[in-house]
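Visitor: If you use the numbering used here, the sequence shown corresponds to residues 13 to 252, in order.
Okay, here's the structure, questions in a sec.
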Amino acid sequence: MPLWLQSRCGLERRSVTALGVLLVVAVVFAVQQFWGGRTQSVRAPEVVRAVAPYGGQSGAVERKSAEPGGAAGAPPSPGGSTASTGSTGTAIVVDVSGKVRSPGLRRLPAGSRVEDALRAAGGVRPGANTEGLNRARLLVDGEQVLVGVPVGVTGPVMGGGSSATRIGGSVSGAAPSAPVSLNTATVDQLDTLPGVGPVLAQHIIDYRTRHGGFRSVDELREVNGIGDRRFSDLQKLVRP
13 MPLWLQSRCG LERRSVTALG VLLVVAVVFA VQQFWGGRTQ SVRAPEVVRA VAPYGGQSGA
73 VERKSAEPGG AAGAPPSPGG STASTGSTGT AIVVDVSGKV RSPGLRRLPA GSRVEDALRA
133 AGGVRPGANT EGLNRARLLV DGEQVLVGVP VGVTGPVMGG GSSATRIGGS VSGAAPSAPV
193 SLNTATVDQL DTLPGVGPVL AQHIIDYRTR HGGFRSVDEL REVNGIGDRR FSDLQKLVRP
């Protein structure tokens, strides 16, 4: 600073030096704040590919940095695809008949197997012949599962006296040549009576078990599923 200016402002050399240092520091601080406050672009991380634990396929897990107006993507499921196994909320109805503890209609989840139907019916009765019964077979809605029926059944078997093809070509529903004993007949023998299917035959056997046998043919009226018309058809074809 010129001497005439120093003498006019009344400043000493020491004061002038200190003022100059302060100005330099202020300028440096201002420049540092300017450059430090600038926005810098951030590079997104690379995609990380992970090998799925099962199936040998790999699924890419993409990690996205948070951006204005953007959303992070959800990672895909293992195996690279989402499979809907089993229809939720869907059920099937099957008729479990024959030598099971609790025969009747059973509502099961879709995709159930014969073993599931047997379990829902209380299981197979001791001594029942399960030869030819595929417990691993998938069930369909409306079908009938028969336990203790001979292996040679080739046609659909339904209750209520509908026909069913059996071994030797005999047809269920044909009248027997001799009266059938209500106290000793099996499900298959009762199934040969007209209007009697496996379900009704099992009801007759259940009644016989609960009451210690039939004392007269008239007791057939008390069996669930036998009305006056059906009783009149069976009256001359059976005996106690």
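Note that CB positions come from ideal geometry on N, CA and C, so glycine has one too.
Remember, predicted model here, so these are calculated numbers, not experimental data.
1. What do you get for residue 29, buried or exposed, if any count of 16 or more other CB atoms within 10 angstroms of its CB means buried?
2. Give me, in chain order, the residues of the same chain whose beta-carbon lies closer than 8 Å to that of residue 135; leave out the 5 immediate sequence neighbours on both sides.
3. Threshold first: 4 residues or longer. Then list the alpha helix (DSSP H) segments lying entirely within the stretch 111–159, N to C.
4. In three-state terms, what does DSSP make of residue 228?
5. Alpha carbon to alpha carbon, what distance is there between residue 108 and residue 126?
6. Alpha carbons only, please: which of 158, 151, 252, 222 is nearest the one belonging to residue 141?
7. Report buried or exposed for residue 239, applying the criterion of at least 16 other Cβ atoms within 10 angstroms of its Cβ.
8. Once you ignore the five residues that flank residue 219 on each side, which residues in its own chain have a CB closer than 6 Å to its CB?
9. Counting only the same chain and skipping the five closest in sequence on each side, list residues whose C-beta sits under 8 Å from that of residue 148.
10. Going straight from the alpha carbon of residue 210 to that of residue 237, what length do you get?
11. Short of 7 Å in beta carbon distance, which residues of its chain neighbour residue 103, apart from the five on each side in sequence? Order them along the chain.
12. With 16 as the cutoff for other CB atoms within 10 Å, does residue 246 come out buried or exposed?
13. If you drop the 5 nearest sequence neighbours on each side, which residues of the same chain put their C-beta closer than 6 Å to that of residue 242?
14. Please name the residue, chosen from 117, 222, 233, that lies closest to residue 132 on a Cα-to-Cα basis.
15. What does the Cβ neighbour count give for residue 129, buried or exposed, with the cut at 16 atoms within 10 Å?
16. Select from 160, 150, 152 the residue whose C-alpha is nearest the C-alpha of residue 144.
17. From which residue to which residue does the alpha helix (DSSP H) around residue 221 run?
18. I'd like the span of the alpha helix (DSSP H) that includes residue 241, first residue to last.
19. At which residues does the alpha helix (DSSP H) containing residue 202 begin and terminate?
20. Under 7 Å, do residue 229 and residue 199 count as touching if we go by C-beta distance?
21. Relative to the C-alpha of residue 151, which candidate in 32, 215, 106 has its C-alpha closest?
22. Less than 7 Å between the beta carbons of residue 205 and residue 226, yes or no?
23. Using DSSP bridges, identify the partner residues of residue 55.
Guide: With the structure as the only source:
1. exposed
2. 112, 113
3. 126–132
4. Note: residue 228 maps to coil in three-state DSSP.
5. Those two C-alpha atoms are separated by around 9 Å.
6. The option with the nearest alpha carbon to residue 141 is 158.
7. exposed
8. Once the five neighbours on either side are set aside, the close Cβ partners of residue 219 are 235.
9. 125, 126, 127
10. 12 Å
11. 119, 120, 121, 122
12. buried
13. 207
14. Selected option, being the one with the closest Cα: 117.
15. By the Cβ neighbour-count rule, residue 129 is buried, with 16 or more other Cβ atoms within 10 Å of its own.
16. 160
17. 210–223
18. 240–246
19. 199–203
20. no
21. 106
22. Residue 205 is not a Cβ neighbour of residue 226, given a cutoff of 7 Å.
23. In the DSSP output, where bridge partners are listed per residue, residue 55 has none listed.
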